[in-house]
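Report on one structure; see the data block that follows.
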Amino acid sequence: ARSLNLSSTAACCKDPLKYSFSSDINDTIACFTCYHVGYPTSVELWATDCNGNQDYVIVDVDVQDNNDSDVCEKICEKHPAVAVISGPTSICEGDEAVLTASGGLTYVWSNGATTSSITVNPSVTTTYSVTVTNEFGCLDDESITVTVNKYPNGSISGSNVCLGESTTLTATGGSSYLWNTGATTNAITVLPSENTTYTVTITNDAGCSEVLSKEIIVYPLPIASITGNTFICIGSS
């Protein structure tokens, strides 16, 4: 306990002391809610003398629930918090996910964040949880699992050609394919007239995509010629 250090007395002042809950002498009402029931609570009790001197002490307050009624115990039955998390439940390796919680005034995530929205970049499938507190101090928990999917391990096979020849390019590793030629099959037959690069977007069942490319080299045809006599005498070579 600490005593107040003030100079005025009743002998010299009409109102020797004015009490308040802050340095503002008009702050004379302190209100408590169910938030304070059962929790350590304290207030500042200020005293101001007629000369304007001020001092204060800290007073511990035991806040009771309306003479031991059950109003605070049942407040969450009438006003429950309902936590909701929105955001993607599946991402590809290296991608980010924005998770947004709603249903309360304050939020505490399992990763320590206290904002309603968090941006996560998990390297493996991870579960995130949040505790939501509403305006009545009621709590609710919710969780969401973000699955991390691998990209396709794709490849393209195909051979270089001579001018005028065709070749078949075959892509593997996915469930759907989109070539820069517009084809959507995994294999395409092409007839390039010059060196040409073909690309394909490979997408797996999880929706993760990668783009692969392959250059087909077109070799020129040889320029053939034959030299020699076009006629000979019988018996000559």
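When we follow this note's numbering, the leftmost residue of the sequence shown carries the number 4, and every step to the right adds one.
The beta carbon of each residue, even a glycine, is placed where N, CA and C say it ideally should be.
Just so you know, these numbers come straight off a predicted model, no measurement behind them.
Cβ pair residue i, residue j closer than 8 Å
i: Ser178; j: Asn152; result: no
i: Val66; j: Val87; result: no
i: Val149; j: Tyr180; result: no
i: Phe63; j: Ser45; result: Looking at the sequence itself, residue 63 is Asp, so the reference to Phe does not match. Yes. Within cutoff.
i: Thr103; j: Ser120; result: yes
i: Ile219; j: Val193; result: yes
i: Gly140; j: Cys37; result: yes
i: Asn163; j: Thr173; result: no
i: Val111; j: Val133; result: yes
i: Ala227; j: Ser93; result: no
i: Pro223; j: Leu166; result: yes
Per-residue DSSP class, three states only, for residue i
i: Lys81; result: helix
i: Trp226; result: For the sequence presented, residue 226 should be read as Ile rather than Trp. Coil.
i: Glu47; result: strand
i: Ala190; result: strand
i: Thr136; result: strand
i: Thr128; result: coil
i: Glu76; result: coil
i: Leu108; result: coil
i: Cys53; result: coil
i: Thr117; result: coil
i: Ala174; result: strand
i: Ile237; result: coil
i: Tyr22; result: strand
Chain-order list of residues whose beta-carbon lies under 7 Å from that of residue i (same chain, five-residue window excluded)
i: Thr136; result: Ala84, Gly107, Leu108, Thr109 and Leu142
i: Ser26; result: Trp49 and Gln57
i: Thr233; result: none
i: Glu138; result: Leu108
i: Tyr154; result: Cys95, Glu96, Cys211 and Glu213
i: Asn156; result: Gly176
i: Cys75; result: Cys37, Val40 and Asp68
Chain-order list of residues whose beta-carbon lies under 6 Å from that of residue i (same chain, five-residue window excluded)
i: Glu197; result: Val221
i: Ala4; result: Caution is warranted here: a pLDDT of 48 is assigned to Ala4, below 50, making its placement in the model unreliable, and no coordinate value can be reported.
i: Thr130; result: Ser146 and Thr148
i: Ser23; result: Asp30, Thr31 and Trp49
i: Thr200; result: Ser216 and Glu218
i: Ser105; result: Val87
i: Ile78; result: Cys37 and Phe139
i: Thr122; result: Glu99 and Val101
Bridge-paired residues (DSSP) for residue i
i: Ala100; result: Val123
i: Val66; result: Its beta-bridge partners do not exist; DSSP assigns none.
i: Glu218; result: Thr200
i: Ser93; result: Thr150
i: Ile282; result: No information on residue 282 is available, as it lies outside the stretch 4 to 240 that the chain covers here.
i: Val87; result: Ser105
i: Tyr180; result: Ile205
i: Ser212; result: Thr206
Cut-off 8 Å between Cβ atoms - residues of its own chain near residue i, not counting five sequence neighbours on either side
i: Thr187; result: Ser179, Tyr180 and Leu181
i: Glu47; result: Phe24, Ser25, Tyr59, Val60, Ile61 and Val62
i: Thr117; result: Thr109, Tyr110 and Val111
is_contact[residue i, chain B] using C-beta, thresh 8 Å
i: Thr173; result: The structure shown has no chain B; it contains just one protein chain.
Could you name each continuous beta strand (DSSP E) segment of 3 residues or more that falls completely within the region 138-167, going from the start of the chain to the end?
-> 142-152 and 158-160
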